[in-house]
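Just so you know, we're using my numbering here: the sequence shown kicks off at 258 and counts up by one. We put the beta carbon where it would ideally sit given N, CA and C, even for glycine. First up is the structure itself, then whatever we jot down about it.
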Amino acid sequence: SLTALLQVVYEQEGVFIHSSCGKNDDQDSLIPGVLRVIEKENEVIVDWKPVDDTLDTSNILCAGKDSSSVVEWTHTPKEKCSRGADRPSSYEAEWDMVTTVSFKKKPHSNGDAATHANGESKWSFLFSLTDLKSIKQNKEGMGWSYLVFCLKDDVKLPALHFHRGNSKLLIKCLEKHVVLNESPQDKRILLVNSQNKSLSQSFENLFDEPSYGLLQKLKKDPYTVTMGRFSKVTNYIFDSFRLSDPSTQRRPPSEMADFLNDAIPGLKINQQEEPGFEVITRIDLGKQPEVTRREPVSAEEWAKNMDSEGRILNVDYIKRLIFKGGLCHTLRKEAWKYLLGYFPWNSTKEERANLQKRKTDEYFRMKLQWKSVSEEQEKRNSRLRDYRSLIEKDVNRTDRTNKFYEGEDNPGLILLHDILMTYCMYDFDLGYVQGMSDLLSPVLYVMENEVDAFWCFVSYMDQMHQNFEEQMQGMKTQLIQLSTLLRLLDSGFCSYLESQDSGYLYFCFRWLLIRFKREFSFQDILRLWEVMWTELPCQNFHLLLCCAILESEKQQIMDKHYGFNEILKHINELSMKIDVEYILCKAEAISMQMMNCKELPQAVSEILGIESSSVTPDSDTGEDESGAVLSCPTSLYQSISPPVIAANGTRDSTQQMSDTQSLTPA
Numbered sequence: 258s259l260t261a262l263l264q265v266v267y268e269q270e271g272v273f274i275h276s277s278c279g280k281n282d283d284q285d286s287l288i289p290g291v292l293r294v295i296e297k298e299n300e301v302i303v304d305w306k307p308v309d310d311t312l313d314t315s316n317i318l319c320a321g322k323d324s325s326s327v328v329e330w331t332h333t334p335k336e337k338c339s340r341g342a343d344r345p346s347s348y349e350a351e352w353d354m355v356t357t358v359s360f361k362k363k364p365h366s367n368g369d370a371a372t373h374a375n376g377e378s379k380w381s382f383l384f385s386l387t388d389l390k391s392i393k394q395n396k397e398g399m400g401w402s403y404l405v406f407c408l409k410d411d412v413k414l415p416a417l418h419f420h421r422g423n424s425k426l427l428i429k430c431l432e433k434h435v436v437l438n439e440s441p442q443d444k445r446i447l448l449v450n451s452q453n454k455s456l457s458q459s460f461e462n463l464f465d466e467p468s469y470g471l472l473q474k475l476k477k478d479p480y481t482v483t484m485g486r487f488s489k490v491t492n493y494i495f496d497s498f499r500l501s502d503p504s505t506q507r508r509p510p511s512e513m514a515d516f517l518n519d520a521i522p523g524l525k526i527n528q529q530e531e532p533g534f535e536v537i538t539r540i541d542l543g544k545q546p547e548v549t550r551r552e553p554v555s556a557e558e559w560a561k562n563m564d565s566e567g568r569i570l571n572v573d574y575i576k577r578l579i580f581k582g583g584l585c586h587t588l589r590k591e592a593w594k595y596l597l598g599y600f601p602w603n604s605t606k607e608e609r610a611n612l613q614k615r616k617t618d619e620y621f622r623m624k625l626q627w628k629s630v631s632e633e634q635e636k637r638n639s640r641l642r643d644y645r646s647l648i649e650k651d652v653n654r655t656d657r658t659n660k661f662y663e664g665e666d667n668p669g670l671i672l673l674h675d676i677l678m679t680y681c682m683y684d685f686d687l688g689y690v691q692g693m694s695d696l697l698s699p700v701l702y703v704m705e706n707e708v709d710a711f712w713c714f715v716s717y718m719d720q721m722h723q724n725f726e727e728q729m730q731g732m733k734t735q736l737i738q739l740s741t742l743l744r745l746l747d748s749g750f751c752s753y754l755e756s757q758d759s760g761y762l763y764f765c766f767r768w769l770l771i772r773f774k775r776e777f778s779f780q781d782i783l784r785l786w787e788v789m790w791t792e793l794p795c796q797n798f799h800l801l802l803c804c805a806i807l808e809s810e811k812q813q814i815m816d817k818h819y820g821f822n823e824i825l826k827h828i829n830e831l832s833m834k835i836d837v838e839y840i841l842c843k844a845e846a847i848s849m850q851m852m853n854c855k856e857l858p859q860a861v862s863e864i865l866g867i868e869s870s871s872v873t874p875d876s877d878t879g880e881d882e883s884g885a886v887l888s889c890p891t892s893l894y895q896s897i898s899p900p901v902i903a904a905n906g907t908r909d910s911t912q913q914m915s916d917t918q919s920l921t922p923a
């Protein structure tokens, strides 16, 4: 069939040709069209067609030759006379308002170019990418973005003006097929290298604008779609594939998986091309040991491990206690400052007081910077204006189930806003990215202090910044590492996920991006984060938490033969239903399994931070040859006999925590 031979890999409406056929000398006629990039067998075609090849003059907009503002757009005289009451009375200065003009669109299926009884318009054009010589771009800041294609026979096609933006998205699409290099003479000109380039499998930006117009909701609000329920995403995909006839059957989930992978660049990760990738063969890890957890660290235990000047006596020991049981809430305000790196572990009480004084001065100097910006100044600073807009939107989405953030004018929400704005002054290059408020809100809740919350958040962002950088290399790396760990743990489950087009584990994206913030209750996330911040029992413990959750759901997913859509829906609906203590036990048990493996693959050893693939625990010291498990005197543990929590989540007040369970893999 035709759709089997053709595939639209890029589609953008609102791409205009500014012709010189305006009725008045000071006007250009703006001819609206659709630009597509189409894969046809081994050929890639760039195709532009007017939205309606009949080109009724009532559908042509005119603009002053020096105008780049939508506000100054006018209709041709015929349009002025015929405009009905349903048309808006004026145009707002927003790109999206281009759509206030009604065009007669002709439906087309994937890959089917619109055909017309009267033949092609004189403005229509298409060319093969093999004939492309160069692309000229507009100078930044000069009106609408436009591109001019020059072919190898030196034919220059009409300039295409992107009234809705997204010209850079087209360039990215083309770069998947050809190599583009800046011209040494003019940086605005991109020269096409004759060398072909295969489809990119890069993970450039998981929040990038999608290549398909069918997922515009993802583009307009990626935060809601990505951070919200995954069912929304699948609904968008289903809606996109439904034809006009409501009785039409949906496409197979496998096709929708491909669509999602293509629409959000980077979901298809080619592990074979990634540095350090190692094929994981089936290895017997043995039975998962049973793991128990203890009660949270009490204020008394904390105080006993501090000297007269306020130094922590045994850092490894206190971290191990926190890893095994977390902290009682009254300790969090103090202990989190150490865990996040705001307070040095070896600092005295006096040194910490001096540090807080310096940091307080530094914080309020930065806060004053944005507080003193006038409205007129902010209008001229687009980045600051955008940061403020994103922050206000995210703060309004803050989870209000916690009393600290109840109400619209709650002081907690105001502080949340101020801290995030100040962070933009601290790291203006990174600025604010949607999702950061999720990381700050629990920290502010615990600290109950603006300055301390800010510096703890800064330390947390030092760990998490790669998740929010434009290229999101950190997210790419984590998904690859998670896939490697899961394949070692259960290759059969991995194979099943791959058979359902879910092998890239993109349903774990939200887990990794904001460290499970939306998966657990507010109180449970406090426990989970403080355990992860100990950096025990190995590197990347959060990836083992992902493995633990997935392994817990494996039986239901496989027994019920869940497909692509059902897997997304099921994983999404786990939110707020996961037992945090059970998952912590299971993740620790998985870490023990892997550390005890004598044939641990090198890739896994590197992910977990184990220097040697042969791990032989020493029950006397808690150390192993690789140094993967921190040493801690057993006598300290022998003095503690708390009630513990087993892997099934039940509490046993009679069971004692053995030295081996506390210190080393069993």
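- With distances taken between CA atoms, Val-291 lies nearest to Asp-304 out of His-434, Glu-619, Asp-304.
- Judged by DSSP in its simplified three-state form, Pro-415 adopts coil rather than helix or strand.
- Pro-699 sits in a helix when the DSSP states are folded into three classes.
- In the DSSP assignment, the residues bridged to Cys-407 are Ser-391, Lys-413.
- The Cβ atoms of Ile-847 and Glu-787 do not sit closer than 9 Å to each other.
- In this structure, Leu-431 sits away from Gln-269, with a CB-CB distance that is not shorter than 9 Å.
- Per DSSP, the unbroken beta strand (DSSP E) holding Gln-264 starts and ends at 263–276.
- Counting along the chain, the unbroken alpha helix (DSSP H) around Asp-719 starts and ends at 707–725.
- With fewer than 16 other CB atoms across the displayed protein chains lying within 10 angstroms of its CB, Arg-637 is exposed.
- It is roughly 43 Å from the alpha-carbon of Asp-643 to the alpha-carbon of Phe-750.
- Taking a contact to require three or more Cβ pairs closer than 8 Å, the segment 704–715 and the segment 739–750 do not qualify as touching.
- Contact between the segment 584–592 and the segment 553–561 is established, with three or more Cβ pairs separated by less than 8 Å.
- With a contact defined as Cβ atoms closer than 8 Å, Met-732 and Leu-697 miss out at about 19 Å.
- Distance from Ser-759 to Ile-824 at the Cβ level is roughly 5 Å; contact confirmed, criterion being Cβ atoms closer than 8 Å.
- Assignment of Lys-306 by DSSP, reduced to helix, strand and coil, places it in the strand class.
- Bridge partners of Met-563 according to DSSP: Ile-569.
- Judged by beta-carbon spacing, Phe-406 lies within the 9 Å limit of Phe-384, meaning their Cβ atoms are closer than that value.
- The DSSP-derived three-state label of Lys-628 is helix.
- Burial is judged here by how many other beta carbons sit within 10 angstroms of a residue's own beta carbon; Gln-442 has fewer than 16 and is exposed.
- Every alpha helix (DSSP H) of 4 residues or more that sits fully in the segment 800–845 is shown, in chain order, as 821–829.
- Annotation for Asp-388: Leu-408, Lys-409 place their beta carbon closer than 7 Å to its own, counting only its chain and skipping 5 residues before and after.
- The C-alpha of Glu-300 is placed about 19 Å away from the C-alpha of Ser-381.
- The continuous alpha helix (DSSP H) containing Leu-770 extends over residues 766–770.
- For Ser-424, no beta strand (DSSP E) encloses it; the enclosing alpha helix (DSSP H) starts and ends at 424–431.
- Between Ile-648 and Gln-691, the alpha-carbon positions lie close to 8 Å from each other.
- Around the C-beta of Val-272, 16 or more other C-beta atoms lie within 10 Å, and the residue is accordingly described as buried.
- For Ile-295, the pairing in a beta bridge is given by DSSP as Val-265, Ile-302.
- Put simply, the backbone Cα of Leu-677 is about 23 Å away from that of Arg-784.
- Taking the Cα of Ile-828 as reference, the smallest distance to any Cα among Lys-843, Leu-570, Lys-811 is reached at Lys-811.
- The alpha-carbon separation between Lys-826 and Asn-438 amounts to approximately 43 Å.
- Membership of Phe-384 in the beta strand (DSSP E) is indicated by the continuous run 382–385.
- For Asn-438, the uninterrupted beta strand (DSSP E) run begins and ends at 435–439, by DSSP.
- Linking Gly-669 to Phe-661 through their CA atoms gives a straight-line distance of about 6 Å.
- In the structure shown, Val-652 falls within a helical segment according to DSSP collapsed to helix, strand and coil.
- Sorting Val-837, Phe-766, Ile-771 by C-alpha distance to the C-alpha of Ser-778 places Val-837 at the top.
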